[in-house]
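Reading through the structure tokens given below for one structure.
There are 2 protein chains.
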Amino acid sequence: MHLTQPLHKGRRERPDALACVYAERGRSYAELVSRVARLAGALQRLGLETGDRAGLLGLNSDRYIEGLYAILWAGGVVNPVNTRWASAEMAYSLNDCETRLLLVDDNFLDFLEPLRAKCPALETIVYMGEGEAPTGTVDYETLVAESAPAEDALRSGDDLAAIFYTGGTTGAPKGVMLSHANLYADALGTVAATPRPARAVCLHAAPLFHIGGLGLVFQLMPRLGTHVIMPGFEPAAMLELIERERVQETFLVPTMLRLLLDHEDFGKRDLSSLRYMIYGASPMDAALMDRALERLPGVDFMQAYGMTELSPVVVVLPPENHAAEGRAKLAAAGLPINIAEIRIVDDEDNDVPTGTVGEIAARGPMVMRGYWNKPEQSAEALRGGWMHTGDAGYVDEDGYVYVVDRIKDMIVTGGENVYSAEVEDVILRLPQVAQCAVIGVPDEQWGERVHAVLVLHEGESLSHEDLVAHCRGLIGAYKSPRSSEVRHEMPMSGAGKLLKYKLRDAFWEGRSRRIG
Amino acid sequence: MHLTQPLHKGRRERPDALACVYAERGRSYAELVSRVARLAGALQRLGLETGDRAGLLGLNSDRYIEGLYAILWAGGVVNPVNTRWASAEMAYSLNDCETRLLLVDDNFLDFLEPLRAKCPALETIVYMGEGEAPTGTVDYETLVAESAPAEDALRSGDDLAAIFYTGGTTGAPKGVMLSHANLYADALGTVAATPRPARAVCLHAAPLFHIGGLGLVFQLMPRLGTHVIMPGFEPAAMLELIERERVQETFLVPTMLRLLLDHEDFGKRDLSSLRYMIYGASPMDAALMDRALERLPGVDFMQAYGMTELSPVVVVLPPENHAAEGRAKLAAAGLPINIAEIRIVDDEDNDVPTGTVGEIAARGPMVMRGYWNKPEQSAEALRGGWMHTGDAGYVDEDGYVYVVDRIKDMIVTGGENVYSAEVEDVILRLPQVAQCAVIGVPDEQWGERVHAVLVLHEGESLSHEDLVAHCRGLIGAYKSPRSSEVRHEMPMSGAGKLLKYKLRDAFWEGRSRRIG
Numbered sequence: 252m253h254l255t256q257p258l259h260k261g262r263r264e265r266p267d268a269l270a271c272v273y274a275e276r277g278r279s280y281a282e283l284v285s286r287v288a289r290l291a292g293a294l295q296r297l298g299l300e301t302g303d304r305a306g307l308l309g310l311n312s313d314r315y316i317e318g319l320y321a322i323l324w325a326g327g328v329v330n331p332v333n334t335r336w337a338s339a340e341m342a343y344s345l346n347d348c349e350t351r352l353l354l355v356d357d358n359f360l361d362f363l364e365p366l367r368a369k370c371p372a373l374e375t376i377v378y379m380g381e382g383e384a385p386t387g388t389v390d391y392e393t394l395v396a397e398s399a400p401a402e403d404a405l406r407s408g409d410d411l412a413a414i415f416y417t418g419g420t421t422g423a424p425k426g427v428m429l430s431h432a433n434l435y436a437d438a439l440g441t442v443a444a445t446p447r448p449a450r451a452v453c454l455h456a457a458p459l460f461h462i463g464g465l466g467l468v469f470q471l472m473p474r475l476g477t478h479v480i481m482p483g484f485e486p487a488a489m490l491e492l493i494e495r496e497r498v499q500e501t502f503l504v505p506t507m508l509r510l511l512l513d514h515e516d517f518g519k520r521d522l523s524s525l526r527y528m529i530y531g532a533s534p535m536d537a538a539l540m541d542r543a544l545e546r547l548p549g550v551d552f553m554q555a556y557g558m559t560e561l562s563p564v565v566v567v568l569p570p571e572n573h574a575a576e577g578r579a580k581l582a583a584a585g586l587p588i589n590i591a592e593i594r595i596v597d598d599e600d601n602d603v604p605t606g607t608v609g610e611i612a613a614r615g616p617m618v619m620r621g622y623w624n625k626p627e628q629s630a631e632a633l634r635g636g637w638m639h640t641g642d643a644g645y646v647d648e649d650g651y652v653y654v655v656d657r658i659k660d661m662i663v664t665g666g667e668n669v670y671s672a673e674v675e676d677v678i679l680r681l682p683q684v685a686q687c688a689v690i691g692v693p694d695e696q697w698g699e700r701v702h703a704v705l706v707l708h709e710g711e712s713l714s715h716e717d718l719v720a721h722c723r724g725l726i727g728a729y730k731s732p733r734s735s736e737v738r739h740e741m742p743m744s745g746a747g748k749l750l751k752y753k754l755r756d757a758f759w760e761g762r763s764r765r766i767g
Numbered sequence: 252m253h254l255t256q257p258l259h260k261g262r263r264e265r266p267d268a269l270a271c272v273y274a275e276r277g278r279s280y281a282e283l284v285s286r287v288a289r290l291a292g293a294l295q296r297l298g299l300e301t302g303d304r305a306g307l308l309g310l311n312s313d314r315y316i317e318g319l320y321a322i323l324w325a326g327g328v329v330n331p332v333n334t335r336w337a338s339a340e341m342a343y344s345l346n347d348c349e350t351r352l353l354l355v356d357d358n359f360l361d362f363l364e365p366l367r368a369k370c371p372a373l374e375t376i377v378y379m380g381e382g383e384a385p386t387g388t389v390d391y392e393t394l395v396a397e398s399a400p401a402e403d404a405l406r407s408g409d410d411l412a413a414i415f416y417t418g419g420t421t422g423a424p425k426g427v428m429l430s431h432a433n434l435y436a437d438a439l440g441t442v443a444a445t446p447r448p449a450r451a452v453c454l455h456a457a458p459l460f461h462i463g464g465l466g467l468v469f470q471l472m473p474r475l476g477t478h479v480i481m482p483g484f485e486p487a488a489m490l491e492l493i494e495r496e497r498v499q500e501t502f503l504v505p506t507m508l509r510l511l512l513d514h515e516d517f518g519k520r521d522l523s524s525l526r527y528m529i530y531g532a533s534p535m536d537a538a539l540m541d542r543a544l545e546r547l548p549g550v551d552f553m554q555a556y557g558m559t560e561l562s563p564v565v566v567v568l569p570p571e572n573h574a575a576e577g578r579a580k581l582a583a584a585g586l587p588i589n590i591a592e593i594r595i596v597d598d599e600d601n602d603v604p605t606g607t608v609g610e611i612a613a614r615g616p617m618v619m620r621g622y623w624n625k626p627e628q629s630a631e632a633l634r635g636g637w638m639h640t641g642d643a644g645y646v647d648e649d650g651y652v653y654v655v656d657r658i659k660d661m662i663v664t665g666g667e668n669v670y671s672a673e674v675e676d677v678i679l680r681l682p683q684v685a686q687c688a689v690i691g692v693p694d695e696q697w698g699e700r701v702h703a704v705l706v707l708h709e710g711e712s713l714s715h716e717d718l719v720a721h722c723r724g725l726i727g728a729y730k731s732p733r734s735s736e737v738r739h740e741m742p743m744s745g746a747g748k749l750l751k752y753k754l755r756d757a758f759w760e761g762r763s764r765r766i767g
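Heads up: the protein sequence lines correspond to chains L and U, in order.
252 is the number of the first residue of the first sequence in this note's numbering; add one for each residue after it.
252 is the number of the first residue of the second sequence in this note's numbering; add one for each residue after it.
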């Protein structure tokens, strides 16, 4: 199993078909493979040897995908740099896995100075932007134009393909080592669990430095489809691209879906080509799902649950659990995919009974090789041959896996348990509200009180009184927010996950919080 | 990737669901895994060590599937013995790969004497029949009942899982070595190319000693479906089982489909559960396809092309190429599956142009590890990293792969080329005809003449004059059979392939025949 295999297939089976579309550029599979092979030749000339790490720092683009495959083709290991990080964090990840070569686009040129200062091993910068290559960098297009194509190194199986640095809410970031077999097997397993046609047109809107976004590249490439790429998520541009390129499938996070549905262009664009929406990073709330099903009736929604260490998908919630009859399972992450085993374990790694919350652990060909240079943390995470996700969850009597972010996300107020998700669902029914996070904050009287953080639609306003009145009509008074605040935006992770701990931390600094 | 993974999943995710149904016996996943683990423990006690070969000689049964997985669970390598072989051929395969342990059912007890005589290394015979264990054998059920469960050896990746002996029309049979990754990757790739729901009820009617039949076991097990097993194909019994067990999918060869459609019970059974029919070994003729589509309107037909050396599937013809619009491609084998690369090469391994006939070669994770103890033949078959199938074929401008058995199957008569398949299609429209093979036989006047071998439906008759009159109405006179014969049955391979060379050989003995 080598990740470059689809390129050979594409060159042979669909040479003239569109492989990548970016802005006004479109390239066929024949062009893609030719450019990848020549860039790979150039990278080897620049000193990239088998197993060497090479970084990618840029927004989504056709060159990002070419660069990714060129590194693999040359025998290298990809280090996709988190674009939301500060230069110190980037430097940490580049240094940690000794990345000596970095491809960078126009959006991150300002980082070059600090990165060079902090990364003594960083020898070569390839400029993959649209303008003139800055001093001290090598021009991407010149390399492609002037290099002889390399032979595919045909790395495969347990050979390392990528190191992804996890954001890690605490401690130093860890480099997750994924092999060719890890990523290829998971792409296959995910496609089998979320049947989609070969040769589809797919939109990459989620960031490709994150494995959620990149996973879709690996899922589509063997199907020889067309990759439509946008630099980053922007609702108006995404709606326009779906219409223009007749996009059939995409991956997003629920927040992105909400922004799409809320956008004034939504009703003006022809979205009839859209058939498959895979979402991840967080579950879909019922109110949002209702709106999405009503406004996108031709679309199959599927949730994918996993993590970087799992390449990334191990559980999928199929379309039938988003609509009428199967709807009772909407809160679930889904069923384990064909190639994944899931266990729920207690603190001593014993199985817990059905319905009991414990730590979610996974086994299968998608489990990472380990953390770069961290044998102890690797052994700990992979003890007994199982990846311990650190997520709390349970399995119901039908085999559905539930992730209870809720354990951390449960508010204990006056002795009553309040589940944030339930309150959020209710608040999101208010037409003024764009985003909402319900957290527990310290309270002299109640221990914790229910606190709502809101982002409103532009031009809207909402009083705390109106918020409470709305909630009291639908849920118990103790569940209704006792306090609330309106913000311009929410703290989000690079993967588009709402970082609730950042909201909480401001309130809890210096205090200890009881965890459910 | 370890082939036993689905058992762990099944025990965890669907312990109470039916795993295997055979005759009046049904066993849950929990029972299946418990029996497999205990049988594996017994096999280890009987001397089976990691990497040792163990043979399976029997008709299809639940124990055949248990035995298969028990051998893998114990760390062994399965040698599924071809049940259509003479004892000398069986002995050859057992000796060739040093099989010291053999599981045998009631149908092959007569073979034990000659096998023991010819296979000095054969130390242990496990009796997996329904009666009392014969002298000199160990009783399967006793082993299961009295043994402690073994730990799964968790063999995986490049570790050998099975050795299949190919019938080989010439020369000694070759042991095709397939790894866990070979078989698991191909099962995944095939499922992705032939989308079918998880947890389906599947009927195993094709022989499990053949990789075509066994492949379906590997495709269904990770989906945790129900395996309905019949000892061997028999149309009335198959129709009854489909009705009784609400079977949703099955694998068969076109000949079997014809016998089903022709059977008097066909219209009497409720076949409405049937949704997916995968067929292989030979293409579907258009006349048969028409009847099947009309009489089984709810069924998706898919052709799978491959060979033992390819674990086995590399090309799939999807359902849309069996019905109205896509029908033009019905003669094709299909499109390469996601994980398979296909090339057509000339005698010097150069690619030939689109539409040109050459040898079909394949690359991907499903390509065998080689032939057992035949390094030269392995190197020859796998030269350049590609499996050379020995099949002649071409790829059309839409990327569809065609297998032209036709090169060998073309008749040159009076300077005109006649394609057997075309004549066969025409003859099969006659309601009297059950099976038909058109071959070239030596002729003083024409060099070769078109000769038809027919099997008629019971109670039917057909004169040569009527046959010719029918053909002349539909195809050119030179294509119509100049001679014909009626037989009771056709020579068939273990895989259900019509062995035309056996028909031809009788005519061509001592002569040389011009090929293509």
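Glycine included, each C-beta is placed from N, C-alpha and C at the ideal position.
Task: Alpha-carbon spacing of R351/L relative to R738/L, whole angstroms - done: As a position in the first sequence, residue 351/L is number 100, starting the count at 1. As a position in the first sequence, residue 738/L is number 487, starting the count at 1. Their backbone Cα atoms lie some 41 angstroms apart in a straight line.
Open item on the list: What residue range does the beta strand (DSSP E) around K425/L cover?
Closed with: As a working mapping, residue 425/L is identified with position 174 in the first sequence. First-last of the beta strand (DSSP E) with K425/L: 425 to 430.
TODO: Starting from P257/U, follow the alpha helix (DSSP H) in both directions and report where the run begins and ends.
DONE: Sequence index remark: in the second sequence, residue 257/U carries index 6 (1-based). Judged by DSSP secondary structure, P257/U falls within the alpha helix (DSSP H) whose first and last residues are 256 to 264.
Task: C-alpha distance - W637/L paired with L522/L, whole-angstrom precision - done: Start at 1 with the first residue of the first sequence, and residue 637/L comes out as number 386. Start at 1 with the first residue of the first sequence, and residue 522/L comes out as number 271. The alpha-carbon separation between W637/L and L522/L amounts to approximately 42 angstroms.
Open item on the list: Can you check whether the C-beta of L254/L is within less than 7 angstroms of a C-beta belonging to chain U?
Closed with: Numbered from 1 along the first sequence, position 3 holds the residue referred to as residue 254/L. Not closer than 7 angstroms to any Cβ of chain U, the Cβ of L254/L fails to qualify, so no.
- [ ] Closer than 9 angstroms by beta-carbon distance: list the chain U residues that pair up with G408/L, in chain order.
- [x] Residue numbering aside, residue 408/L sits at position 157 when the first sequence is read from its first letter. Here the neighbours are G408, D409, A432, P616.
- [ ] Determine the extent of the beta strand (DSSP E) in which M528/L is found, giving its start and end residues.
- [x] On the first sequence, residue 528/L is found 277 positions in, with the first residue counted as 1. Per DSSP, the unbroken beta strand (DSSP E) holding M528/L starts and ends at 527 to 530.
Task: Cβ-Cβ distance between T664/U and V701/U below 7 angstroms - done: Translated into the one-based positions of the second sequence, residue 664/U becomes position 413. Translated into the one-based positions of the second sequence, residue 701/U becomes position 450. The Cβ atoms of T664/U and V701/U sit closer than 7 angstroms to each other.
- [ ] May I have the straight-line CA-CA distance separating S285/U from A643/L, to the nearest angstrom?
- [x] Position 34 of the second sequence holds residue 285/U. Position 392 of the first sequence holds residue 643/L. The alpha-carbon atoms of S285/U and A643/L are separated by roughly 29 angstroms.
- [ ] Scan the region 424 to 450 of chain L for residues whose Cβ lies nearer than 7 angstroms to a Cβ of chain U and list them as they occur along the chain.
- [x] Taking 7 angstroms as the cut-off between beta carbons, the residues of the region 424 to 450 of chain L near chain U are A436, L439, G440, V442, A443, P446, in sequence order.
TODO: May I ask you to list, following chain order, the residues of the region 262 to 283 of chain L that have a beta carbon less than 9 angstroms from some beta carbon of chain U?
DONE: Of all residues in the region 262 to 283 of chain L, the ones placed with a Cβ closer than 9 angstroms to any Cβ belonging to chain U are R263, E264, R265, in chain order.
Open item on the list: Against chain U, does E500/L count as a neighbour if the rule is that its beta carbon must be under 7 angstroms from one of theirs?
Closed with: If you number the first sequence from 1, residue 500/L lands on position 249. Output row for E500/L: interface = no.
- [ ] For R262/L, count neighbouring Cβ atoms within 10 angstroms of its own Cβ and tell me buried if that reaches 16, exposed if not.
- [x] The sequence position of residue 262/L within the first sequence is 11, counting from 1. Classified as buried, R262/L has 16 or more neighbouring CB atoms from the shown chains inside 10 Å of its CB.
Task: the region 593 to 611 of chain U contacting the region 623 to 630 of chain U, beta-carbon criterion three pairs below 8 angstroms - done: Touching, no, given that fewer than three Cβ pairs across the two stretches are closer than 8 angstroms.
TODO: Could you tell me whether any Cβ in chain U is nearer than 7 angstroms to the Cβ of K476/L?
DONE: Here residue 476/L is taken as the residue at index 225 of the first sequence, counted from 1. With the sequence shown as reference, residue 476/L is identified as Gly, and Lys is not the correct amino acid for it. G476/L is outside the set of residues whose beta carbon lies under 7 angstroms from a beta carbon in chain U.
- [ ] Determine the direct distance from the alpha carbon of V674/L to that of R657/L, and round the result to whole angstroms.
- [x] The sequence position of residue 657/L within the first sequence is 406, counting from 1. The sequence position of residue 674/L within the first sequence is 423, counting from 1. Residue placement at R657/L cannot be trusted, given a pLDDT of 46 that sits under 50; the coordinates are not used to answer.
Task: Under 7 angstroms by beta carbon: chain L residues contacting P604/U - done: Position 353 of the second sequence, counted from the first residue, corresponds to residue 604/U. Residues of chain L whose Cβ lies closer than 7 angstroms to the Cβ of P604/U do not exist, since the nearest Cβ in that chain is about 12 angstroms away.
- [ ] Report the rounded CA-to-CA distance for M661/L versus L679/L, giving the unit in angstroms.
- [x] Along the first sequence, read from residue 1 onward, the residue named residue 661/L stands at position 410. Along the first sequence, read from residue 1 onward, the residue named residue 679/L stands at position 428. One Cα belongs to M661/L, the other to L679/L, and the distance between them is close to 18 angstroms.
- [ ] Drop a sphere of 10 angstroms on the beta-carbon of E264/U, count the other beta-carbons inside from all chains shown, and report buried for 16 or more, exposed for fewer.
- [x] The count along the second sequence starts at 1 and reaches residue 264/U at position 13. The residue in question, E264/U, is buried, as its Cβ has 16 or more Cβ neighbours within 10 Å.
Open item on the list: Could you tell me the alpha carbon to alpha carbon distance between T506/U and L465/U, rounded to whole angstroms?
Closed with: Locating residue 506/U in the second sequence gives position 255, where the first residue counts as 1. Locating residue 465/U in the second sequence gives position 214, where the first residue counts as 1. Using only the alpha carbons, I get a separation of about 19 angstroms.
Open item on the list: Against chain U, which members of the region 466 to 493 of chain L pass a CB distance test of less than 7 angstroms?
Closed with: Taking a C-beta cut-off of 7 angstroms against chain U, the contacting residues of the region 466 to 493 of chain L are P473, R474, listed in chain order.
Task: Completely contained beta strand (DSSP E) runs for the region 547 to 625 of chain U, where each covers 3 or more residues - done: Fully enclosed beta strand (DSSP E) runs of 3 or longer: 551 to 557, 564 to 568, 592 to 596, 609 to 614.
Open item on the list: As a quick exercise: from D756/U, A488/U, P257/U, L394/U, pick the residue whose alpha carbon is nearest that of Y273/U.
Closed with: In the second sequence, counting from the first residue as 1, residue 273/U sits at position 22. The shortest C-alpha separation from Y273/U is found at A488/U.
TODO: Inspect the beta-carbon positions of A685/L and V706/L and report whether they are closer than 7 angstroms.
DONE: Locating residue 685/L in the first sequence gives position 434, counting from the first residue. Locating residue 706/L in the first sequence gives position 455, counting from the first residue. Yes, Cβ-Cβ distance for A685/L and V706/L is below 7 angstroms.
Open item on the list: Checking 7 angstroms against the spacing of the C-beta atoms, do C271/U and H478/U come in under that value?
Closed with: Translated into the one-based positions of the second sequence, residue 271/U becomes position 20. Translated into the one-based positions of the second sequence, residue 478/U becomes position 227. For the pair C271/U and H478/U, the CB atoms are nearer than the 7 angstroms cut-off.
TODO: Can you grab the Cα-Cα spacing for the pair M472/U / P563/U, in whole Å?
DONE: Taking the first residue of the second sequence as 1, we reach residue 472/U at position 221. Taking the first residue of the second sequence as 1, we reach residue 563/U at position 312. Between M472/U and P563/U, the C-alpha separation is close to 16 angstroms.
TODO: Within the same chain, show all residues whose beta-carbon is closer than 6 angstroms to that of P365/U, passing over the 5 residues directly before and after it, in chain order.
DONE: The sequence position of residue 365/U within the second sequence is 114, counting from 1. Excluding sequence neighbours, P365/U sits near S338.
Task: C-alpha distance - E560/L paired with M617/L, whole-angstrom precision - done: Residue 560/L sits at position 309 when you count from the first residue of the first sequence. Residue 617/L sits at position 366 when you count from the first residue of the first sequence. Within the model, the alpha-carbon separation for E560/L versus M617/L is close to 8 angstroms.
Open item on the list: Would P742/L and A703/L qualify as a contact pair, given that the criterion is a beta-carbon distance under 7 angstroms?
Closed with: Numbered from its first residue, the first sequence carries residue 742/L at position 491. Numbered from its first residue, the first sequence carries residue 703/L at position 452. In this structure, the beta-carbon distance from P742/L to A703/L does not fall below 7 angstroms.
- [ ] Can you have a look at D601/L and say buried or exposed, based on whether 16 or more other CB atoms are within 10 angstroms of its CB?
- [x] Position 350 of the first sequence, counted from the first residue, corresponds to residue 601/L. The question names Asp, but residue 601/L in the sequence shown is Asn. It is exposed - the Cβ of N601/L has fewer than 16 other Cβ atoms within 10 Å.
Open item on the list: Can you tell me whether P587/L is buried or exposed? The criterion is at least 16 other CB atoms within 10 Å of its CB, across all chains shown.
Closed with: Counting from 1 along the first sequence, the entry for residue 587/L is found at position 336. Buried, since its Cβ has 16 or more Cβ neighbours within 10 Å.
- [ ] For A537/L, collect the residues of the same chain with a Cβ closer than 7 angstroms to its Cβ; drop the 5 residues on either side in sequence, then sort them by chain order.
- [x] Counting from one through the first sequence, the residue named residue 537/L turns up at place 286. Cβ neighbours of A537/L within its own chain (closer than 7 angstroms, five residues either side excluded): L581, D676.
TODO: Taking the CB atoms as reference points, tell me whether A443/U and N572/U lie closer together than 7 angstroms.
DONE: One-based indexing of the second sequence puts residue 443/U at position 192. One-based indexing of the second sequence puts residue 572/U at position 321. Their beta carbons are not under 7 angstroms apart, which means A443/U does not touch N572/U by this criterion.
Task: Under 7 angstroms between C-beta atoms of L254/U and V328/U - done: Position 3 of the second sequence holds residue 254/U. Position 77 of the second sequence holds residue 328/U. With contacts defined as CB atoms closer than 7 angstroms, L254/U and V328/U fail to qualify as a contacting pair.
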